[in-house]
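In my numbering, the protein residues as written are 37 to 440. From the three backbone atoms N, C-alpha and C, an ideal C-beta is built for every residue, glycine too.
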Amino acid sequence: MTATIDPRQRRPNLSWLRWWLVAGGLALVALPVNAALSALQFGITPLVAVLTGIAQAAALPLILVRPREATVLQLLAVVVVAVTLPPDSVSTWPLTVPGLLTVIAHTGLVAARRGWGAAALTWCVISVLVPVVALVDPRGRSVGDGLLMEILYPALAALVVGVVMMVRRWREVRRELADARRDIEIEQNQRAVAEERTRIARELHDVVAHGMSVIHMQATSASYRIENLDPRAEAEFKRIATGAREAMREMRQLLSVLRAEGADAELSPVPGLGGLPDLVASAERAGLPIEVRHADAVRTAAVPERVALAAYRIIQESLSNVVRHAPGARTLIELDLEGSDLVLSVVNDAAPRPAEPMETSELTGHGLTGMRERVRQVGGTLETGARAGGGYRVAARLPIGAEQ
Numbered sequence: 037m038t039a040t041i042d043p044r045q046r047r048p049n050l051s052w053l054r055w056w057l058v059a060g061g062l063a064l065v066a067l068p069v070n071a072a073l074s075a076l077q078f079g080i081t082p083l084v085a086v087l088t089g090i091a092q093a094a095a096l097p098l099i100l101v102r103p104r105e106a107t108v109l110q111l112l113a114v115v116v117v118a119v120t121l122p123p124d125s126v127s128t129w130p131l132t133v134p135g136l137l138t139v140i141a142h143t144g145l146v147a148a149r150r151g152w153g154a155a156a157l158t159w160c161v162i163s164v165l166v167p168v169v170a171l172v173d174p175r176g177r178s179v180g181d182g183l184l185m186e187i188l189y190p191a192l193a194a195l196v197v198g199v200v201m202m203v204r205r206w207r208e209v210r211r212e213l214a215d216a217r218r219d220i221e222i223e224q225n226q227r228a229v230a231e232e233r234t235r236i237a238r239e240l241h242d243v244v245a246h247g248m249s250v251i252h253m254q255a256t257s258a259s260y261r262i263e264n265l266d267p268r269a270e271a272e273f274k275r276i277a278t279g280a281r282e283a284m285r286e287m288r289q290l291l292s293v294l295r296a297e298g299a300d301a302e303l304s305p306v307p308g309l310g311g312l313p314d315l316v317a318s319a320e321r322a323g324l325p326i327e328v329r330h331a332d333a334v335r336t337a338a339v340p341e342r343v344a345l346a347a348y349r350i351i352q353e354s355l356s357n358v359v360r361h362a363p364g365a366r367t368l369i370e371l372d373l374e375g376s377d378l379v380l381s382v383v384n385d386a387a388p389r390p391a392e393p394m395e396t397s398e399l400t401g402h403g404l405t406g407m408r409e410r411v412r413q414v415g416g417t418l419e420t421g422a423r424a425g426g427g428y429r430v431a432a433r434l435p436i437g438a439e440q
């Protein structure tokens with residue numbers, strides 16, 4: 037079944053670039069504004085204004101890779117600005133207005149990038165730092181002098197963090213809904229494929245069942261329709277009828293797996309190596325001289341059911357191919373154990389007479405494909421090919437150490 041690919045998975049994930057653009061843009065705005073206004077409007081020494089402006093701006097993109105170090109750098113810049121602000125310069129001490137906006141942006145970026153826990157910790161640390169700086173100011177200013185910033189930062193930063201977390205949660209909900217819709221679409225596609233396969237299987241059942249029913253009816257009624265029927269011919273017709281019934285039974289058993297839930301499936305043993313004698317006998321009645329070499333180790337080995345079924349189907353399909361393409365050819369079936377592997381081969385000689393094909397060449401080839409699928413399902417290997425002296429060879433190696 038072909039997997040459904042989300043179109044978004046084909047596009048490269050550029051979310052990292054978006055974060056760097058946002059953080060870099062904020063840094064480019066914060067650097068000149070902090071440096072210029074701190075020196076011109078708030079009376080800070082130009083060298084200190086430039087250095088603290090660089091530190092506060094650099095801390096913003098640093099959040100993306102080193103959030104703890106970025107917050108420490110931001111706090112150091114805040115402390116330096118608070119200490120160097122002249123006592124009579126502004127009423128926004130211990131922060132400047134650009135510094136306040138930069139610190140709020142820092143907290144918001146931490147919330148957007150690192151989540152609620154990191155944002156709450158950053159908010160608490162800065163909210164405590166501002167009054168502590170005011171309390172220990174070396175120029176003798178009091179906590180009351182910095183009351184405006186002590187109120188503005190916690191309030192505005194909390195508002196920004198709340199908005200950021202709401203947007204973050206909204207994006208998560210949208211992503212979850214998109215994932216849910218995608219999962220539903222994939223499930224619907226898989227269900228549609230399964231339903232289509234079920235429909236095809238049932239159509240196949242109807243077509244084959246009709247033909248097999250006609251064969252069964254003709255075989256069972258031959259003794260009544262044909263006068264003076266030879267006993268050997270009558271016995272052959274009975275065997276044909278038995279083969280038709282067996283084929284119908286197996287087909288209905290497989291179809292029951294595809295029925296709607298709640299339907300009663302026919303229960304019968306899964307074909308395995310124990311059914312090999314009947315399979316060989318059926319092929320011999322079709323005119324194949326068959327020799328079976330069955331190693332004693334295989335008879336006593338505990339072959340898993342899936343492996344035994346795969347081996348049975350491979351031999352069955354191989355004999356069917358011989359009947360169709362090389363009728364009357366001598367055939368050798370060999371089964372042996374090599375280590376923990378069941379090794380089997382079906383080898384036939386060239387046909388003693390030309391075979392009349394039952395199907396056109398466009399419709400053949402499914403048998404070998406089915407063999408490969410069965411071998412792959414149990415973790416084995418398969419080799420097929422024409423022999424140099426005529427005929428064909430099918431060889432499979434199936435692991436039986438543990439069910440695959």
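Nearest to V14 by alpha carbon, out of L345, T278, V383 and L373? For residue 14 there is no data in the structure shown, the boundaries of the chain being 37 and 440.
Does the stretch 75-89 come into contact with the stretch 104-111, if we say contact requires no fewer than three beta-carbon pairs (one atom in each stretch) closer than 8 Å? no
Determine the DSSP secondary structure at G421, reduced to helix, strand or coil. strand
Go ahead and pull the three-state DSSP assignment for E263. coil
Closest residue to R177 among A228, L76, T158 and P122 (Cα-Cα distance): P122
Please list, in chain order, all residues of the same chain as G421 whose beta carbon is under 7 Å from its beta carbon, the five residues on each side excluded. R429
Quickly, what does DSSP pair P435 with across the bridge? List them, please. D377
Let's see if you can read the secondary structure: which residues bound the alpha helix (DSSP H) around R104? P103 to T120
Sort G198, V168, E186 and T128 by Cα distance to V146 and report the nearest one. G198
Excluding sequence positions up to five away, which residues of its chain have a Cβ less than 6 Å from the Cβ of L368? E327 and V383
I162: first and last residue of the uninterrupted beta strand (DSSP E) it sits in: Note, I162: premise wrong, no beta strand (DSSP E); alpha helix (DSSP H) at W152 to L171.
Within 8 Å, strictly: CB atoms of V359 and L324: yes
Round the Cβ separation of A113 and A91 to the nearest angstrom and send it over; I've been treating them as touching at under 8 Å. 4 Å
Please say whether L265 and A258 have beta carbons closer to each other than 8 Å? yes
Going by alpha carbons, who is nearest to G437 out of L373, L380, E232 and V116? L373
By Cβ distance, which residues of its chain are closer than 8 Å to L165, with the 5 residues on each side in sequence left out? L111, V114 and V115
Within 8 Å, strictly: CB atoms of S74 and A85: yes
Would you mind stating whether R149 and I99 have Cβ atoms separated by less than 8 Å? yes
Determine the direct distance from the alpha carbon of R410 to that of K274, and round the result to whole angstroms. 32 Å
Beta-carbon within less than 8 Å of Y348's beta-carbon, same chain only, minus the 5 sequence neighbours each way: which residues are those? P307, G308, L309, G311, L312 and L315
Which residues does DSSP pair with N384 in a beta bridge? T367 and Y428
Can you tell me whether DSSP reads R288 as helix, strand or coil? helix
Three-way DSSP call (helix, strand, coil) for I351 in this model: helix
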